[in-house]
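Report on one structure; see the data block that follows.
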Amino acid sequence: MSPFDLMFPACVPLAAVGAVGPAVATAIAAATARRRHRRRLVSERRDRERRWVLTGLDVVIAELRVGAHPAVACETAAADCDGAAAEAFRCAAARARLGGSAASGFSANDGGVDDDLRRIANAWAVAEKHGLALAELLHAARSDLVGRVRFRTRAEAGLAGARATAAVLAALPVLGVGLGQMMGAAPVRVLLGSDLGQVLLVIGTVLVASGLWWTDRIVDSVVA
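With full-length UniProt numbering, you'll find the sequence shown wraps up at 224, consecutive numbering, no jumps.
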């Protein structure tokens, strides 16, 4: 359980004492934080799986160039990597050893790097269908994957400023409330102690959450 999941039980006592607005605002903030946390974990997992795919593909290409059977090459690659990539190479090795197409082993995989594995499967299928050099086609697929990884890395680095700006803008309302409290304007009492204040608290939280969601959507559309 992540720390953000612990924020949801805090909404129950708030609602029980009549602080419906703060309870709703807390729930929205917790949901937004948890979504962004899971999004970051998914991105890290995809990057890790892509590194494993590249590692396995390097092993397969090296094994094929020294004359190894495709099944043996895939088995060796599966032993040298982990995660969805290892499962895909293991499945491809089993298909090839049984006389089937190793390409179907890659296309059958369902993981965070299924698009990358599908490109490997397509290259493998073209080599089998037309009798082309498998190692060379896989090397081309690897070059394409490396190019995509580099583009994603550059795009994420270029958008780091936009992400930081969005985080700062999201924190500005909290900073404003804090400054107002220090100046004696008592915004916390207004937001928590009156019906209008609770409505404004919920609206403000929704707007901040919507802004973060929209920023993440724009960033994902660029780096996907």
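For each residue, glycine too, the CB sits at the ideal point set by N, CA and C. Quick caveat: nothing in here was measured; it's all calculated off a predicted structure.
* **Helix, strand or coil at Val66 according to DSSP, with G and I counted as helix** => Position 66 of the sequence shown, counted from the first residue, corresponds to residue 66. If DSSP states are grouped into helix, strand and coil, Val66 belongs with coil.
* To do: Look at the alpha carbon of Leu48 and the alpha carbon of Val223, and state the distance between them as a whole number of angstroms.
  => Position 48 of the sequence shown, counting from 1, holds the residue named residue 48. Position 223 of the sequence shown, counting from 1, holds the residue named residue 223. Note that residue 48 is Arg in the sequence shown, not Leu. Near 16 Å, if we compare the C-alpha coordinates of Val223 and Arg48.
* To do: Select from Glu87, Leu207 and Val190 the residue whose C-alpha is nearest the C-alpha of residue 226.
  => It is not possible to answer for residue 226, since the shown part of the chain is limited to 1 through 224.
* DSSP three-state call for Asp82: helix, strand or coil? -> Within the sequence shown, the letter at position 82 stands for residue 82. Coil, per DSSP.
* Taking the alpha carbon of Thr32 as the point to measure from, which residue in Ala167, Glu87, Gly180 and Trp124 has its own alpha carbon closest? -> Mapped onto the sequence shown, residue 32 falls at position 32. The option with the nearest alpha carbon to Thr32 is Ala167.
* Asked: DSSP three-state call for residue 250: helix, strand or coil?
  -> Any question about residue 250 goes unanswered here, given that the chain covers just 1 to 224.
* **Outcome for Thr153 when other beta-carbon atoms lying within 10 angstroms are tallied against a minimum of 16** => Looking up residue 153 in the sequence shown gives position 153. By the neighbour-count criterion, in which a residue is buried when 16 or more other Cβ atoms sit within 10 angstroms of its Cβ, Thr153 is exposed.
* Asked: On the premise that Cys74 lies in contact with Val53, defined as a C-beta separation below 8 Å, what is that separation, rounded to the nearest angstrom?
  -> On the sequence shown, position 53 is the one that residue 53 refers to. On the sequence shown, position 74 is the one that residue 74 refers to. Your pair Val53 and Cys74 does not check out as a contact, with CB atoms roughly 13 Å apart and the cut at 8 Å.
* Count the other C-beta atoms from every protein chain shown that fall within 10 angstroms of the C-beta of Ile218, then say buried if there are 16 or more, exposed otherwise. => Residue 218 sits at position 218 when you count from the first residue of the sequence shown. Ile218 is classed as exposed because its beta carbon has fewer than 16 other beta carbons within 10 Å across all chains shown.
* Return yes when at least one heavy atom of the ligand ZN lies under 6 Å from the C-beta of Ala162, else no. => In terms of ligand content, the structure shown is empty, and the ligand ZN therefore cannot be addressed.
* Asked: Is Ser101 helix, strand or coil by DSSP?
  -> In the sequence shown, residue 101 corresponds to position 101, counting from 1. Here Ser101 sits in coil by DSSP.
* To do: Could you check if Asp195 is buried or exposed, using at least 16 other CB atoms within 10 Å of its CB as the buried criterion?
  => Translated into positions along the sequence shown, residue 195 becomes position 195. Result: exposed.
* First and last residue of the uninterrupted alpha helix (DSSP H) at Leu132 -> Here residue 132 refers to the residue found at position 132 when the sequence shown is read from its first residue. No alpha helix (DSSP H) contains Leu132, which DSSP labels as neither H nor E.
* Using a Cβ-Cβ cut-off of 7 Å (strictly less than) and excluding sequence neighbours within five positions of Asp116, which residues of its own chain qualify? -> Sequence index remark: in the sequence shown, residue 116 carries index 116 (1-based). Contacts found: Arg50, Val53 and Leu145.
* Which ranges does the alpha helix (DSSP H) cover as unbroken runs of at least 4 residues, wholly within the segment 15 to 51, from first to last along the chain? -> Entirely contained in the segment 15 to 51, not one alpha helix (DSSP H) run reaches 4 residues.
* Asked: Expressed to the nearest angstrom, what Euclidean distance is found between the alpha-carbon atoms of Val20 and Ala186?
  -> Counting from one through the sequence shown, the residue named residue 20 turns up at place 20. Counting from one through the sequence shown, the residue named residue 186 turns up at place 186. Val20 and Ala186 have their C-alpha atoms some 20 Å from each other.
* To do: Flag this pair as touching only if the segment 65 to 72 and the segment 30 to 44 have three or more C-beta atom pairs under 8 Å; answer yes or no.
  => These segments do not touch.
* Asked: So, helix, strand or coil for Leu159, using DSSP?
  -> Along the sequence shown, one-based indexing puts residue 159 at 159. In this structure, DSSP gives Leu159 a state outside helix and strand, which the three-state scheme calls coil.
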